[in-house]
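All remarks here apply to the structure that follows.
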Amino acid sequence: MKIRNFLSLLISLSIVINITAQPANKFTGIWEGKLNLGIELRIVFTIKENGKGGLVSTADSPDQSAYGLKCDTTSLNAGAITIEMNDLKASFTGKLLNDSTIDGTFTQRAVFPLTFKKVDKPSERKRPQTPQPPFSYKIEDVGYDNADKSLHFGATITIPEGNGPFPAAVLITGSGAQNRDEEIMGHKLFAVIADYLTLQGFIILRVDDRGVGKSTGKFNEANSADFAKDVNTSVDYLLSRPEVDGKKAGLIGHSEGGMIAPMVAVNRKDINFIVLLAGPGVKIVDLMAEQNAAILRSAGIGQQALDAYTPLYKEMEEQIIKAADSTTAFAAIKKTLNIWIAKTDSSLVKELDLKESKSRDVITTRLVQTMYSPWFKYFLSFDPAPFLKKLKCKVLAINGDKDIQVISRQNLPGIKASLKKSKVKSYMIKEMPGLNHLFQTCNKCTLGEYGELEETFSPEALQVISEWLNKNVK
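Numbering (the working numbering), first residue to last: 8 to 481.
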């Protein structure tokens, strides 16, 4: 797969299509399509008559846990239906091939072919590990505010049956706007973890990120330091519960959450333990360079091309960090890319889909649009080592050896090296064979396979976590 498609994974929804004249009611109903961005994403449009002779639509992206997305206009022109979503800078235009098929293209910074099928209801992916009621523990939807009342957080707390107090933990989500279940392509990772650990006798608090679900605030204007403040608020709430053993409270963070957990723990005396699930152990610029190479490798790009491209990618990251504004970042990256192309074997340039100037402009634009944001600039500048070295609490760090987002062979040694210089007396570093970034037992071990797999979280990984907690915390 080409680089342009990998960068497209970071793109939000959008669609555009051309069609021939059809009555408005031919388009009404529920339409489902599968958008291939390296990861397969289901897109669902619900189209209805507006009572004025026209149409109105809403959009869902079930695999991104996004429902009821606003569609600003739904119009027919010469038989073509066009659905526009202005907030997402997205649109769809499609042509009826028959009563049950719309064929067209989906456009958002790039154009993708997309076919919709009419359905009675959207498809459901099998997720057998998702906990279902009745639950053999207490479960509450809760809400609480930060200290200055500027943010409100929606969360779920699960409490074991029996007499407390119980050991407890706050779950910390990974990158991107996540709900309390850290729902990814229908997989509710945190619901599965919370269910398993509550049955083991732990109180678990899982929280909607700011701006998501029942939490207020603006996610896109925040960075990891802001999210660490949010976690502090959640810890304060957790410790306010009478069922919690205040001497046995901790944090469990996945991916970026594994970066945030040490940030919180070093500034508190009431954190007894942290669990890092695919957390970073090296500078993020180095992690991202290895991640990018691993993703490209999983799509068939050869090692020689990767060896040539990885230093370039890291240099472009550094330029985005240093740039005063996005225009400066774009110019610097474009210049660097052109210099690299001039001195690189043309066959490697072609393999990486960088031969044409149009392709280079698309990639440069996407890199800047994606990375030049408050969160990404902070993220790229981050080094977890200083925080890991200041830790005093107990630490468990686990990572799948098939993870192509946070590479285990790079990050676990990094975590271990930092902890050796810390005051942590009890820690365990463990690589889990056959597991990807979501701790699924994978086959192809690509990004696109996340949604294809039925397993949400490896039972073996859950057992490792619970055995460590039972031994070191209870």
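No residue lacks a Cβ here, since even glycine has one placed at the ideal position from N, Cα and C.
Practice task
Pick helix, strand or coil for Tyr144, following the three-state DSSP scheme.
Solution key: As a first step, residue 144 is located in the sequence shown; it is residue number 137 there, counting from the start. Looking at Tyr144 - three-state DSSP - the assignment turns out to be strand.
Practice task
Can you grab the Cα-Cα spacing for the pair Gly75 / Lys33, in whole Å?
Solution key: Within the sequence shown, numbered from 1, the residue matching residue 75 stands at position 68. Within the sequence shown, numbered from 1, the residue matching residue 33 stands at position 26. Cα to Cα, Gly75 sits roughly 22 Å from Lys33.
Handout entry: N-terminal and C-terminal residue of the alpha helix (DSSP H) that Asp202 is part of
Key = Position 195 of the sequence shown, counted from the first residue, corresponds to residue 202. For Asp202, the enclosing alpha helix (DSSP H) has its first and last residue at 196 to 206.
Practice task
Below 8 Å CB to CB, which residues in the same chain sit around Phe337 once its five sequence neighbours on both sides are set aside?
Solution key: Locating residue 337 in the sequence shown gives position 330, where the first residue counts as 1. Counting only Cβ-Cβ distances below 8 Å, and skipping sequence neighbours, we find Thr371, Thr372, Val375.
Practice task
Tell me where the beta strand (DSSP E) around Asp243 begins and ends.
Solution key: The residue you call residue 243 lines up with position 236 of the sequence shown. Per DSSP, Asp243 belongs to no beta strand (DSSP E); it is in the alpha helix (DSSP H), 231 to 247.
Exercise for the section: State the CB to CB distance for the pair Ile302 and Leu204, rounded to an integer number of angstroms; the pair is presumed to be in contact (CB under 8 Å). Expected result: The residue labelled residue 302 in the question sits at position 295 within the sequence shown. The residue labelled residue 204 in the question sits at position 197 within the sequence shown. For a cut-off of 8 Å, the C-beta gap from Ile302 to Leu204 is around 31 Å, too long to register as a contact.
Handout entry: Closest Cα partner of Glu358 within the set Lys384, Ser68, Arg304
Key = Reading the sequence shown from its first residue, position 351 is the one you call residue 358. With distances taken between Cα atoms, Glu358 lies closest to Arg304.
Practice task
Using only alpha-carbon positions, find the residue among Glu474, Trp475, Leu476, Ser465 that is nearest to Val199.
Solution key: Here the question's residue 199 lines up with position 192 in the sequence shown. Of the candidates Glu474, Trp475, Leu476, Ser465, the one whose C-alpha sits nearest the C-alpha of Val199 is Ser465.
Exercise for the section: Report the rounded CA-to-CA distance for Thr463 versus Lys427, giving the unit in angstroms. Expected result: Working through the sequence shown from its first residue, we reach residue 463 at position 456. Working through the sequence shown from its first residue, we reach residue 427 at position 420. Looking at the backbone, the Cα of Thr463 and that of Lys427 are separated by about 32 Å.
Handout entry: Element boundaries [alpha helix (DSSP H), containing Thr317]
Key = On the sequence shown, position 310 is the one that residue 317 refers to. Here the alpha helix (DSSP H) through Thr317 covers 310 to 329.
Practice task
Put Met192 into one of helix, strand or coil per three-state DSSP.
Solution key: Stepping through the sequence shown from its first residue, residue 192 is reached at position 185. Coil, per DSSP.
Problem - Coil, strand or helix - Glu474 by DSSP - result: The residue labelled residue 474 in the question sits at position 467 within the sequence shown. Glu474: helix per DSSP, three-state reduction.
Practice task
Grab me the residues of Glu438's own chain with a C-beta within less than 7 Å of its C-beta, minus the 5 sequence neighbours each way, in chain order.
Solution key: Walking along the sequence shown from the start, residue 438 turns up at place 431. In its chain, beyond the 5 residues on either side, Asn406, Asp408, Ser415, Leu419 have a beta carbon closer than 7 Å to the beta carbon of Glu438.
Handout entry: Residue environment, Thr334, which counts as buried when at least 16 other CB atoms sit within 10 Å
Key = For the purposes of this step, residue 334 is taken as residue 327 along the sequence shown, with counting starting at 1. Thr334 comes out exposed.
Practice task
Can you tell me which of the three DSSP states Tyr379 falls into?
Solution key: Indexing the sequence shown from 1 puts residue 379 at position 372. In the structure shown, the three-state DSSP call for Tyr379 is coil.
Practice task
Going by DSSP, name the residue or residues bridged to Leu445.
Solution key: Start at 1 with the first residue of the sequence shown, and residue 445 comes out as number 438. Paired residue(s): none; Leu445 is not in a bridge.
Practice task
Using only alpha-carbon positions, find the residue among Phe209, Leu178, Gly421, Ala300 that is nearest to Asn477.
Solution key: Within the sequence shown, numbered from 1, the residue matching residue 477 stands at position 470. Selection Phe209, Leu178, Gly421, Ala300 evaluated against Asn477 yields Phe209 as nearest (Cα-Cα).
Exercise for the section: Verify whether the separation of the beta carbon atoms of Asp215 and Ala184 is less than 7 Å. Expected result: What you label residue 215 is simply residue 208 of the sequence shown in a count that begins at 1. What you label residue 184 is simply residue 177 of the sequence shown in a count that begins at 1. Not closer than 7 Å, so no.
Problem - Touching by the beta-carbon criterion (3+ pairs, under 8 Å), the segment 253 to 264 and the segment 281 to 299 - result: Touching, yes.
Handout entry: Buried versus exposed, by CB contacts within 10 Å (16 or more), Ser64
Key = By 1-based counting over the sequence shown, the position of residue 64 is 57. The residue is buried, with at least 16 neighbouring Cβ atoms inside 10 Å.
Handout entry: Enclosing beta strand (DSSP E) for Ala73 [first to last residue]
Key = Here residue 73 corresponds to residue number 66 of the sequence shown, with the count starting at 1. Segment 73 to 77, the beta strand (DSSP E) holding Ala73.
Handout entry: Assumed close pair Glu39, Phe119 - CB separation to whole angstroms, cut-off 8 Å
Key = Against the sequence shown, residue 39 aligns to sequence position 32. Against the sequence shown, residue 119 aligns to sequence position 112. At roughly 16 Å, the Cβ-Cβ gap does not stay under 8 Å, so Glu39 and Phe119 are not in contact.
Practice task
Could you have a look at Phe123 and say whether DSSP puts it in helix, strand or coil?
Solution key: Numbered from 1 along the sequence shown, position 116 holds the residue referred to as residue 123. DSSP places Phe123 in strand when its eight states are reduced to three.
Practice task
Check whether the Cβ atoms of Ile281 and Leu258 sit closer than 7 Å, and answer yes or no.
Solution key: Here residue 281 corresponds to residue number 274 of the sequence shown, with the count starting at 1. Here residue 258 corresponds to residue number 251 of the sequence shown, with the count starting at 1. Yes, the Cβ-Cβ distance between Ile281 and Leu258 is below 7 Å.
Exercise for the section: Determine the extent of the beta strand (DSSP E) in which Phe394 is found, giving its start and end residues. Expected result: Mapped onto the sequence shown, residue 394 falls at position 387. Segment 392 to 396 is the alpha helix (DSSP H) holding Phe394; no beta strand (DSSP E) there.
Problem - Span separating the alpha-carbon of Lys236 from that of Lys321 - result: Looking up residue 236 in the sequence shown gives position 229. Looking up residue 321 in the sequence shown gives position 314. About 29 Å.
Handout entry: Residues near Asp332 in its chain [Cβ-Cβ closer than 7 Å; skip 5 each side]
Key = Numbered from its first residue, the sequence shown carries residue 332 at position 325. Excluding sequence positions up to five before and after Asp332, its CB lies less than 7 Å from no other CB in the same chain.
Practice task
Since I believe Pro167 is in contact with Lys255 (beta carbons under 8 Å), could you give me their beta-carbon distance rounded to a whole number of angstroms?
Solution key: Here residue 255 refers to the residue found at position 248 of the sequence shown. Here residue 167 refers to the residue found at position 160 of the sequence shown. Going by Cβ atoms, the distance from Lys255 to Pro167 rounds to 13 Å, so no, they are not a contact pair.
Handout entry: Neighbourhood of Gly161 by C-beta distance below 6 Å, restricted to the same chain and skipping five residues each side
Key = The sequence position of residue 161 within the sequence shown is 154, counting from 1. These residues qualify, in order along the chain: Gly150, Asp215, Gly220, Lys221, Ser222.
Exercise for the section: State the DSSP-derived secondary structure class of Asp152, mapped to helix, strand or coil. Expected result: Position 145 of the sequence shown, counted from the start, is the residue given in the question as residue 152. In the structure shown, Asp152 sits in a strand (DSSP, three-state: E or B).
Handout entry: Reduced DSSP category for Phe337 - H, G, I as helix; E, B as strand; rest coil
Key = The sequence position of residue 337 within the sequence shown is 330, counting from 1. Of the three classes helix, strand and coil, the one that applies to Phe337 here is helix, per DSSP.
Handout entry: Start and end residues, alpha helix (DSSP H) containing Glu297
Key = Counted from its first residue, the sequence shown places residue 297 at position 290. Under the DSSP assignment, Glu297 falls in the alpha helix (DSSP H) whose first and last residues are 291 to 305.
Practice task
If I'm right that Val271 touches Asn239 with Cβ under 8 Å, what's the distance once you round it to whole angstroms?
Solution key: For the purposes of this step, residue 271 is taken as the residue at position 264 of the sequence shown. For the purposes of this step, residue 239 is taken as the residue at position 232 of the sequence shown. Confirmed, Cβ separation roughly 6 Å.
Practice task
To the nearest angstrom, report how far apart Val471 and Asn345 are at their CA atoms.
Solution key: Along the sequence shown, one-based indexing puts residue 471 at 464. Along the sequence shown, one-based indexing puts residue 345 at 338. About 48 Å.
Practice task
Drop a sphere of 10 angstroms on the beta-carbon of Ala339, count the other beta-carbons inside from all chains shown, and report buried for 16 or more, exposed for fewer.
Solution key: For the purposes of this step, residue 339 is identified with residue 332 of the sequence shown, where counting begins at 1. By the neighbour-count rule (16 or more Cβ atoms within 10 Å), Ala339 is buried.
Practice task
May I ask which residues mark the beginning and end of the alpha helix (DSSP H) holding Glu358?
Solution key: Position 351 of the sequence shown, counting from 1, holds the residue named residue 358. Where Glu358 is concerned, the enclosing alpha helix (DSSP H) stretches over 353 to 358.
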